[in-house]
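Residues 1 to 1274 in the UniProt record's numbering are what the sequence shown lists, from first letter to last. From the three backbone atoms N, C-alpha and C, an ideal C-beta is built for every residue, glycine too.
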Amino acid sequence: MTSLTPSRRRGRRAATATAATLVAVLASLSGPAGPAAADTPAPAPAPAAPAAGGPHTVTLLTGDVVRVSGPGTGPQQVDVTRPHGATGGVRTEVVGGDLYVYPDEAMPYLAADRLDRRLFDVTALIGQGYDDQHSDGIPLILGWRPGAAQPLATRTLPSGSTRVRSLPSIDGTSVKAAKKHARQLWTSVVPAPAAPQAVATAATGTPAPLLRDGLAKVWLDGKVRADLQDSTAQIGAPAAWAAGDDGKGVKVAVLDTGVDSHHPDLAGRVSEAVSFVPGESTQDGNGHGTHTASTVGGSGAASGGVEKGVAPGADLLVGKVLSDEGSGDDSWVIAGMEWAVAQGARVVSMSLGGTDPSDGTDPMSQAVDRLSAQSGALFVVAAGNTGAEASMSAPGTADSALTVAAVDSGDQLASFSTLGPRFGDYALKPDIAAPGVDIVAAKAGGSAETGWYQTMSGTSMATPHVAGAAAILAEEHPDWTAPQLKDALMSTAKELPGSTAYQVGAGRVDVPASLGAAVTATGSAYFGFDSWPYDDQAPAERTVTYRNSGSGAVDLHLSLSAEVAGGPYDVDPGADAGTPAPAGMFTLSADTLTVPAHGSASVTATARPHLGAAGRRYLGQVTASDAAGAVLTRTQVGLYKEDERHALDITVKDRAGRPAAALVELQQFGTDADPQLIQVGDTGRLTVRLRSGTYSALTYLDVAGSHGPDSVGMALLGDPEITLDQDRQLDLDASQAREVTAQVPRTTEDRTLYMDWHRSDGGLSTLDSQYLLGPAYDSMFVQPTRQVTQGIFEYETRWRKAQPLLTLTRDGKPVTVLAQSGSAFYDGRKRLDTVYAGAGAPADYSGLDAEGKAVLVTRSDAVTGSQRAQAAADAGAALLVVVNDTPGKLLEWVGTDAGDYSAVPVVTVTAREGAPLVAQARRGGLRLAADGVPNSPYVYDLADPHPGRIPATGLTYRPKPSELATVDMRFHGTTSYPSGEFRWDYRPYRTYSLGSPLRIDMPGTRTDYVSAQPGTTWAGDAITGPGMALESNGAITAYKAGSKVTEDWFAPVAHPRNGGGYWWSERQQGFLSFNVQPWTDSAGGQEHGGTMQDGSDTLAFTVWQDGEQVATSAWPSATLYPIPTTPSTYTLDLKAERDPAAYRLSPRTHTVWTVKSAPVTDPDRIDRMALLQLDYGVATDLAGDAHGGRQTLRLTGSHLPDAAGAGRIKGATLAVSYDDGRSWHPVALDEAADGSWTARYDAPHRGFVSLKAQVWDDAGNRISQEVTRAYGLT
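The structure is reproduced here in structure tokens:
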């Protein structure tokens, strides 16, 4: 039976979408302070502004390129471009609000823990600045298997990666993987593309897939951040100074954002400083590092000694491991740790942490433990600022770290301080507490005029207090090792009644107590994790050791008390809290002990878990007192008795009823933990042990299709509601699955096909899993389920059907072909003479007349797909048909190495179907009829949801015309660049939708038929221009069944406008945000928003507040914070330009807005700004041209919907220009009853019309807009 370890719990992610956002957050948690400054309350944090403009693109380690668009708080769209040579499909999942994208090839290695799951967390990668716009590489940490013969510095790296630095403390190497070579790196890391169902992992007891070249695991080199949220007297430092103890001669390394070496408190205090941040000096451009360094050992010179640090005599070493933006890479931190111990640091202060909870096995935690053991240095690390249980991140989760919580000036737990236990094993963390609220310390860049000091809050501020205390103790005891220092500080800490060890560790650090203690004790003793089913009643024993540094023996009186601290942290954290532990559950081997002078003595603490209640955490302490009853030391103890578990016997079968291997995902209700991915091996059976509760299980299984021997299908097998109140059986049986199909009246093929599984318990646990089938799949099956009784469940199938790209027939009989990746499109209908060209190498065409013909070749390892395509093109072939040389379908890349399409259309056929074709071609006389359409004249966008259960019948979707909406699509423009379009579907629960663009040529038209059942909504999206950089993103639309509508894309006039597919310009309490899309088309009220995704346009956006410039940006958005608490007038100026060679219309615009805005006092209220918008209605052809002569233009002014402070539209003006704005001609306007205006004017028969319009309301809001070459004239 396999026992599953807890899955990763969702942590509270920091708002680090951009460097500017992070700086704003840090600044908001600090305020000026100093001898002459009054304390002021810190303002609320600034919001993380959504990314201006459109999507983010993220290249994954596998080479898959993920594009996430639809920025804002609403539903978003995801499309995935597969790399050359990719196999299988792609799975997307939304868990805890984060989007994960998992290519099939990666799944076995994720299940075997060979890959860091964060490598596929697209949301986090964007948030950490690892999207393609901000990073051209993927930062990785390579972990090596033991026993490598080569030295670490010379080990062979995966192809496509560059060595950044060796990390000997963890036997690792940090590298940068060039994104343009990501696929190359992937194929050099994994042995071979592996079908998910064919690989066994450690979870089954069989060997897990190993990575190549001695690699043990590939980690994301993730981001760490500064843990930011009279204190020296609070911990008793002045008493130590009075006794002559100030840390003199003790080296303390501060690993942070650097230091302001010019600050009076730190002048001459730093003996060495090194930066590990590429391109940045050790100078602190953030302020966090200066604050923490001065808290450790600042002289207080700028305050006459009042604000001196805890250990002002310590020798400070500064390692800059966080950038001026306050964040850094894991590898920078590890390198800094290695440097610190190499410099002889006795204490290392680290006010930083990662973004996700850790169980202590991550690279940074491993480095702390190994370096501490090797060097004797004590690593003092911030607990973090999530304020949540079991959410502590690395490196504070390391066993040997002295992990610091924060308390306020009254020794009360700070609300932001991260709580224990450690994720996974419930170990005791944090270890100790220190002041961390409103801490006054040195201000980077301070002066006598602006103040030398500032206040900051966070466990970052608590950590240097403990580091300074450790330095003072190390001065007093120069021979003590890191464990002795840690034990002494913990065992003598001040007890904080009402707080537990999971909150404050041993208590608040007490410098005089640690210095004056003759006897110290083991700081903590964790009895461990007692796993169900409690196979034996063996007690757990831990040794508590007492050390006496005094000259006389000491007699100790010992006692041990314990109580329930709560239940499982993710299910019932407060259960039975405060209830005393049963009698006899925790005992000591002796209740008295004599510790000899300058010696040690030990006692055995014993826990008997069988006496405790299942699913309870126990905390207690061993107290040592003298004869008078005075407490000398306290040792924290803990134990977790796992809650009740039951066996889930899983069987997996294929469509023939044979055992099959599978990756099964288990989702537990009532918890925010990530779903667990487990491997069922080739036997098709696995028993796992799980907590009592309700679960959902899901797997995607490759199966035989329904269209013959070479047919490939995908089966979704699962049970959305498993009540595990006793041992249960889970049958994932594809032989019981039903085929899912869609039938429409016109001839189609599937262009996009995915299966969606949504399961939510209605509270903490939600899993939305979408599987995008690859083009080789031709069949789809689902296993029927029972109606759920808890939460929300829905299964949906999504099809995008279009006319087949190529229909091939022989003597009137269809030949089943598969279009290849990177292939050119076949356009037209023709009967082609067909010749056979062997393996398709250039030599095979010698003496062969292939000009204008179809060429038949047989696949061979000797010739790549690209080489075959190029040879056929060089021979003048009209079509290349590749016959597979092994059973099954063939899909390969046939485009160029540069990523361009092949010069000839390429399709493949199976060996079975191709054999008679080859035979006839060799004999001569083979003719194939080809009918190809690059752009389908029609599309069916179909969605078939099944809420509550997957039925056993009704899985063939046959929509009637009256159940669909008919949408006439009109694509405007004359661009020769590749263009694409997709319509994304949403259900009420879904935050992301998956798909990929369908090719379109512009100008062009198409008729779409769209599902319109209740609860299904859609959002259109079109892209065009060089690199398909111009995106027009539509708002969410609910079509009416039986309706007929027209949708225009890229229609003139393109101009700045806030489209419904983007976040609005809005105001909340304390801040406001402006956002405009500069290239929005005139889509007749369809609420599109147009942006240039590659930054190829030139934008200048400036904002004035009551006449004073407050923001300027190269993006068309701005967030202002703080803002006045009185009504203000804002002026926005946006100048936008784009390449006129690529975009003949609207190459340049200039818009100025004036908008009034009043304060928002309700913290839950969001007001849309009364930003005026213009819409232009002009009749042009699809190329964007109108006939010269008499022109009619409709001008409409409007506010954002439901805008606060919007007045009644009062007036408008319009002028036109035929010389690109050099001269303007006013045009009379006729106002209509609906508030719009009609302009009529005579224009020449060639050239362009430029427009200059103004609209204003009676509340003082105004817009003035100039559009150069708004539309063309013929």
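CA-to-CA distance, residue j to residue i, given in whole angstroms
i            : j     : result
Q790         : Q676  : 20 angstroms
A862         : S996  : 32 angstroms
residue 1288 : T747  : As shown, the chain starts at 1 and ends at 1274. That puts residue 1288 outside it, with no answer to give.
M755         : L648  : 26 angstroms
V637         : S349  : 25 angstroms
S1065        : R1168 : 6 angstroms
T1274        : T809  : 44 angstroms
P709         : K801  : 24 angstroms
Q1109        : L1132 : 10 angstroms
S735         : G705  : 12 angstroms
Same chain, Cβ closer than 6 angstroms to residue i, neighbours up to 5 away in sequence not counted
i            : result
A873         : A903 and V904
residue 1297 : No answer is possible for residue 1297: it lies beyond the span of the chain, which begins at 1 and ends at 1274.
V1045        : V967
V933         : Q803
E541         : T604 and T606
G865         : E892, W893 and V894
R10          : Residue confidence for R10 is low, a pLDDT of 46 falling below 50, so the modelled location carries little weight; the figure read from the coordinates is stated next. Same-chain partners within the cutoff: G96 and D672.
Expected contact under 8 angstroms - CB spacing of residue i and residue j to nearest Å
i            : j     : result
A493         : A506  : 4 angstroms
W219         : P108  : Contact flag wrong, Cβ pair sits at about 18 angstroms.
L1072        : L1134 : Not a contact, Cβ separation roughly 16 angstroms.
L690         : V782  : That belief does not hold up - the Cβ atoms of L690 and V782 are roughly 24 angstroms apart, past 8 angstroms.
L60          : V101  : 7 angstroms
V509         : L489  : 6 angstroms
residue 1277 : A237  : As displayed, the chain neither begins before 1 nor continues past 1274, which places residue 1277 out of reach and without an answer.
W984         : Q77   : 4 angstroms
D121         : H56   : Rounded, the Cβ-Cβ distance is 13 angstroms, inconsistent with contact.
Contact under 9 angstroms by Cβ, residue i with residue j
i     : j     : result
K320  : F276  : yes
R183  : V175  : no
A382  : A482  : no
L558  : V519  : no
A226  : L125  : no
E563  : G612  : no
T1016 : A1038 : yes
V296  : V252  : yes
Residue of the options minimising C-alpha distance to residue i
i            : options                     : result
residue 1287 : D510, F1050 and R829        : There is no way to answer for residue 1287, as the model of the chain reaches only from 1 to 1274.
residue 1289 : L211, I170, D1258 and R269  : The requested residue 1289 does not occur in the structure, where the chain is confined to residues 1 to 1274.
Y1271        : G718, K1040 and L1193       : L1193
residue 1280 : G1205, L686, P83 and L806   : Residue 1280 lies beyond the residue range present for the chain, which begins at 1 and ends at 1274; the question has no answer from this structure.
G670         : V571, G420, V1103 and L1132 : V571
G718         : V703, L666, D725 and V688   : L666
G285         : H263, G298 and G268         : H263
G451         : V440, N935 and G550         : V440
V909         : A898, G899 and E892         : E892
R523         : P573, S589 and L632         : One detail in the question is off: residue 523 reads as Gly in this sequence, not Arg. Nearest of P573, S589 and L632 to G523, Cα basis: L632.
M1028        : R983, G1090, Y992 and T594  : G1090
M456         : S294, G420 and S531         : S294
S561         : Y546, G550, G578 and T545   : G578
W332         : A1206, D479, D256 and G287  : D256
D702         : D725, S415 and A737         : A737
G446         : S303, P533, G328 and P1122  : S303
Other residues of its chain near residue i: CB distance less than 7 angstroms, five sequence neighbours each side excluded
i    : result
R608 : P539, G584 and M585
F529 : D425, Y426, Y640 and E642
Cβ shell of residue i (< 8 angstroms), same chain only, five flanking positions each side left out
i    : result
W144 : L152, R155, D171, G172, T173, G214, L215 and A216
W241 : P312
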